[in-house]
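**Q** Structure incoming, see below.
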């Protein structure tokens, strides 16, 4: 297994990317190909114990900056994300990971690797924690304008992902709407619902916003605008709630107790804080991007992971892990087969 | 002050609506006009102590059911929500509240009261709790398809609301997008951003989903599809997180402690649960519809509150309260004046 990593991509590259690659190579016993400026990469590699690890360097003379326009993908032919994507196209890597400019990563993947035949548009998909476990939400940002056919194909791709990677037979699929009834929804939703219903996928209906965290379906299909709002609102709300709960714990009951009990309140409070704050932290962590390692660029003809620009070492390591899982479960090959029936 | 209440609207009408009206009349010292089947209303009134309260009954011979189509508003001319809305048009009530079929309430308000001159489309707006306090989100469901002008006017109406009702001078206004940069966003968002920027409103830019609960702006403008997903996802996520946190508290740390400490764990756990669960409950309550009393139908030429179909007595009471606040602060009149500049 050889995963190519854009060593120059992300806010903290190449220090964090190289460190993440070293950890992933050791932990998962795979080859991680570091793409970028060889001198900068070697300088970072020298800071780690890499004995016995397979971490080849493939040079790329250019970098697409976070501030660049997406068009830079065409202008900078030798940018690390172009070189990395080409390794996948040529079969020299099994998958590609980048924490660089996300729009540019998508463009580089499309430009160099191309779409799976029959798939109209790639979509960004991400795992979303629910009360029952998790679901896969797509599109979370690749396509702000969609057609019913795009959404139908997102349903297929998400279904393949959950079946192959999470081992769920016939995953349930739902479409985000502003009401469960079929007469609700935007024009796009009302046109897509019958397509999903007749698709052969395990479509279980339209999901309101509240149904997503409940675990209403294994696959949540939506356009890239709404999906982006869903995942970012969730991230923001979890953090906001943790803050509000901590404030409430401190100011609310504790404040009132403190008035009555003064010092004994602190004694009472201690186990509460010990117990509740780690629990809060675990919950927040379930929503934290670093645990998921990034979004899957579904529909491109090779496994590509778009990691968060702010990725830390753990996030890079996890992004490499999810790329490896996608390769192992042949998500791309399975979509390939399924796309013939749905295009 | 006279607020008309659709006594027949909602899952638990007229028992819950009449009880809510009695509480509101007493608590806020206002007249609540009960619209609907006089016999059914009188039977409910007889269960309460209504001495000294002003609770006149205005008869309506028909009811629009939750299962009716919106067209029922035109067919059932003497439906309670039509009669209630007409009281506002004729100046016989200062505002109208209904927990009935929400699409039908909007239609009845438009049909009988009409739009504020210059306002293209009414929008549903609701208070949303943030880390800093609260913001006003609109549209949360009236218009699944919007134009830039609608969104501009939603910004104006939300701004008037926060200024008049919450006393915030020059409220900040943001537009929901899938990125803060102006080149992000759907076509609708990209066309709306410059309109808001040049509007004279205190526009502070585009907000990602995560910015909403942070309290990025006092007014959050979006189309009715996205806004509906935002509020329903938030409601669902808060409940889901409370469940996940309680599970974590029980299964996680407590489980591990129990293994080691057996009975002492229960002693340790008690204050934690006492402290953390009320805090959780208060947080959940902040997101609970009953506290807000319902959504404001902004842009109609009279104060109209669309309460939740599942409203309990407290929710009805609060819906009447927010309608009264809207009347007191002359939200409609202020929008009227502002709409001349923005239409």
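Chains as they are written, first to last, in the numbering used here: chain A, 878 to 1220; chain B, 878 to 1220. Backbone N, C-alpha and C fix where the C-beta goes; we use that ideal spot for every residue, glycine too. On a predicted model such as this, the values are computed, not experimentally measured, just so you know.
Beta carbon of residue 1092 (chain A), beta carbon of residue 1008 (chain A): below 9 Å?
**A** Locating residue 1092 (chain A) in the first chain gives position 215, where the first residue counts as 1. Locating residue 1008 (chain A) in the first chain gives position 131, where the first residue counts as 1. Taking 9 Å as the Cβ cut-off, residue 1092 (chain A) and residue 1008 (chain A) qualify as a contacting pair.
**Q** Taking C-beta pairs closer than 7 Å, name the residues in chain A that residue 1112 (chain B) reaches, listed in chain order.
**A** Residue mapping note: residue 1112 (chain B) aligns to position 235 of the second chain, counting from 1. By Cβ distance, chain A contributes 1087.
**Q** DSSP has residue 1063 (chain B) in a bridge; who is on the other side?
**A** Numbered from its first residue, the second chain carries residue 1063 (chain B) at position 186. The partner list for residue 1063 (chain B) (beta bridge, DSSP) is empty, contrary to what the question assumes.
**Q** Can you find at least 3 beta carbon pairs, one from the region 1036 to 1050 of chain A and one from the region 1105 to 1112 of chain A, that sit closer than 8 Å?
**A** no
**Q** Which one of A:992, A:1043, A:981, A:969 has the shortest CA to CA distance from residue 1010 (chain A)?
**A** Position 133 of the first chain, counted from the first residue, corresponds to residue 1010 (chain A). Among A:992, A:1043, A:981, A:969, the Cα nearest to that of residue 1010 (chain A) is on A:1043.
**Q** Which class does residue 1005 (chain A) belong to by DSSP, given the choice of helix, strand or coil?
**A** Along the first chain, one-based indexing puts residue 1005 (chain A) at 128. Residue 1005 (chain A): strand per DSSP, three-state reduction.
**Q** In its own chain, which residues sit with a C-beta less than 7 Å from the C-beta of residue 1072 (chain B), not counting the 5 before and 5 after it?
**A** Position 195 of the second chain, counting from 1, holds the residue named residue 1072 (chain B). Excluding positions up to five away in sequence, the list reads 1025, 1029.
**Q** Could you please give the first and the last residue of the uninterrupted beta strand (DSSP E) stretch that includes residue 1011 (chain B)?
**A** By one-based count along the second chain, residue 1011 (chain B) stands at place 134. Residue 1011 (chain B) -> beta strand (DSSP E) spans 1011 to 1015.
**Q** Any beta carbon from chain A within less than 9 Å of residue 1090 (chain B)'s own beta carbon?
**A** For the purposes of this step, residue 1090 (chain B) is identified with residue 213 of the second chain, where counting begins at 1. At least one chain A Cβ lies under 9 Å of residue 1090 (chain B).
**Q** Looking at residue 879 (chain A) and residue 907 (chain A), is the spacing between their C-beta atoms short of 9 Å?
**A** Locating residue 907 (chain A) in the first chain gives position 30, where the first residue counts as 1. Locating residue 879 (chain A) in the first chain gives position 2, where the first residue counts as 1. Yes; because the gap between Cβ atoms is below 9 Å, this pair is in contact.
**Q** Does DSSP classify residue 1079 (chain B) as helix, strand or coil?
**A** By 1-based counting over the second chain, the position of residue 1079 (chain B) is 202. Reduced to three states, the DSSP call for residue 1079 (chain B) is strand.
**Q** Is the beta carbon of residue 1170 (chain B) sitting closer than 9 Å to the one on residue 1198 (chain B)?
**A** As a first step, residue 1170 (chain B) must be located in the second chain, where it is residue number 293. As a first step, residue 1198 (chain B) must be located in the second chain, where it is residue number 321. In this structure, residue 1198 (chain B) lies closer than 9 Å to residue 1170 (chain B) by Cβ.
**Q** Whose C-beta lies closer than 8 Å to the C-beta of residue 1204 (chain A) among residues of the same chain, with five residues either side of it excluded?
**A** Position 327 of the first chain, counted from the first residue, corresponds to residue 1204 (chain A). These residues qualify, in order along the chain: 878, 880, 971, 972, 1180.
**Q** Is residue 1113 (chain B) near residue 915 (chain A), with beta carbons less than 9 Å apart?
**A** The sequence position of residue 1113 (chain B) within the second chain is 236, counting from 1. The sequence position of residue 915 (chain A) within the first chain is 38, counting from 1. In this structure, residue 915 (chain A) does not lie closer than 9 Å to residue 1113 (chain B) by Cβ.
**Q** Hey, does residue 1022 (chain B) have any beta-carbon neighbour from chain A nearer than 9 Å?
**A** Position 145 of the second chain, counted from the start, is the residue given in the question as residue 1022 (chain B). Closer than 9 Å to the CB of residue 1022 (chain B) there is at least one CB belonging to chain A.
**Q** Are residue 936 (chain A) and residue 960 (chain A) closer than 9 Å when you measure CB to CB?
**A** Position 59 of the first chain, counted from the start, is the residue given in the question as residue 936 (chain A). Position 83 of the first chain, counted from the start, is the residue given in the question as residue 960 (chain A). Yes, the Cβ-Cβ distance between residue 936 (chain A) and residue 960 (chain A) is below 9 Å.
**Q** Kindly confirm or deny that the region 1030 to 1038 of chain A and the region 989 to 1001 of chain A touch, where touching means at least three C-beta pairs closer than 8 Å.
**A** When C-beta atoms of the region 1030 to 1038 of chain A are compared with those of the region 989 to 1001 of chain A, three or more pairs fall below 8 Å, so the two segments count as touching.
**Q** Can you confirm whether residue 1006 (chain B), when its beta carbon is compared against all beta carbons of chain A, has any partner nearer than 9 Å?
**A** Locating residue 1006 (chain B) in the second chain gives position 129, where the first residue counts as 1. True, the Cβ-Cβ gap to chain A drops below 9 Å.
**Q** In this structure, does DSSP put residue 980 (chain B) in helix, strand or coil?
**A** Position 103 of the second chain, counting from 1, holds the residue named residue 980 (chain B). Looking at residue 980 (chain B) - three-state DSSP - the assignment turns out to be helix.
**Q** Going by DSSP in three states, residue 1213 (chain B) sits in which element: helix, strand or coil?
**A** One-based indexing of the second chain puts residue 1213 (chain B) at position 336. Three-state DSSP puts residue 1213 (chain B) in a helix.
**Q** Fully enclosed by the region 1079 to 1111 of chain B, which alpha helix (DSSP H) runs are 4 residues long or longer?
**A** 1088 to 1091
**Q** So, at 7 Å on beta carbons, what are the nonlocal neighbours of residue 909 (chain A) in its own chain, with the 5 sequence-adjacent residues on each side left out?
**A** As a first step, residue 909 (chain A) must be located in the first chain, where it is residue number 32. The residues are 880, 882, 898, 901, 902, 932, 1197.
**Q** My assumption, with CB atoms under 8 Å, is that residue 925 (chain A) sits in contact with residue 896 (chain A). Please give the rounded CB distance.
**A** One-based indexing of the first chain puts residue 925 (chain A) at position 48. One-based indexing of the first chain puts residue 896 (chain A) at position 19. Indeed, because the Cβ distance is near 7 Å, the residues count as touching under 8 Å.
**Q** DSSP three-state label for residue 1070 (chain B), please.
**A** To locate residue 1070 (chain B), count along the second chain from 1; it is residue 193. The answer is helix: DSSP assigns residue 1070 (chain B) an H, G or I state.
**Q** Is the region 1011 to 1019 of chain B touching the region 1033 to 1041 of chain B in the sense that three or more CB pairs, one from each, lie closer than 8 Å?
**A** Judged by Cβ distances under 8 Å, the region 1033 to 1041 of chain B makes contact with the region 1011 to 1019 of chain B, as three or more pairs qualify.
**Q** Within 10 angstroms of its Cβ, does residue 1046 (chain B) collect 16 or more other Cβ (buried), or is it exposed?
**A** For the purposes of this step, residue 1046 (chain B) is taken as the residue at position 169 of the second chain. Residue 1046 (chain B) comes out exposed.
**Q** Can you check which of these residues, B:1191, B:984, B:928, B:965, is closest to residue 945 (chain B) by C-alpha distance?
**A** Along the second chain, one-based indexing puts residue 945 (chain B) at 68. When only C-alpha atoms are compared, the closest one is B:984.
**Q** For residue 939 (chain A), write down the residues that DSSP places opposite it in a beta bridge.
**A** The sequence position of residue 939 (chain A) within the first chain is 62, counting from 1. BP columns for residue 939 (chain A) point to A:956.
**Q** Apart from the five residues on each side of it in sequence, which residues of its chain come closer than 8 Å, Cβ to Cβ, to residue 862 (chain B)?
**A** Examination of residue 862 (chain B) is not possible in this model, given that chain B is present from 878 through 1220 alone.
**Q** Measure the alpha-carbon distance for residue 941 (chain B) versus residue 977 (chain B) and round it to whole angstroms.
**A** The residue labelled residue 941 (chain B) in the question sits at position 64 within the second chain. The residue labelled residue 977 (chain B) in the question sits at position 100 within the second chain. If you draw a straight line from the Cα of residue 941 (chain B) to the Cα of residue 977 (chain B), it is about 7 Å long.
**Q** What residue range does the alpha helix (DSSP H) around residue 894 (chain B) cover?
**A** As a first step, residue 894 (chain B) must be located in the second chain, where it is residue number 17. Start and end: 892 to 905.
**Q** By the criterion of Cβ-Cβ separation under 7 Å, what are the contact partners of residue 1063 (chain A) in chain E?
**A** The structure shown has no chain E; the protein chains it does contain are A and B.
**Q** Here's the rule I'm using: 16 or more other beta-carbon atoms within 10 Å means buried, otherwise exposed. How should residue 904 (chain B) be labelled?
**A** Residue mapping note: residue 904 (chain B) aligns to position 27 of the second chain, counting from 1. So residue 904 (chain B) counts as exposed.
**Q** Have a look at A:1189, A:1201, A:1078, A:1054 and flag the residue whose alpha-carbon is nearest the alpha-carbon of residue 884 (chain A).
**A** To locate residue 884 (chain A), count along the first chain from 1; it is residue 7. Out of A:1189, A:1201, A:1078, A:1054, A:1189 has the C-alpha closest to the C-alpha of residue 884 (chain A).
**Q** Compute the Euclidean distance between the alpha carbons of residue 1212 (chain B) and residue 1070 (chain B), then round it to the nearest angstrom.
**A** Taking the second chain and counting its residues from 1, one reaches residue 1212 (chain B) at position 335. Taking the second chain and counting its residues from 1, one reaches residue 1070 (chain B) at position 193. C-alpha separation (whole angstroms): 21 Å.
**Q** How is residue 930 (chain B) classed by DSSP in three states: helix, strand or coil?
**A** For the purposes of this step, residue 930 (chain B) is identified with residue 53 of the second chain, where counting begins at 1. It is coil, neither helix nor strand.
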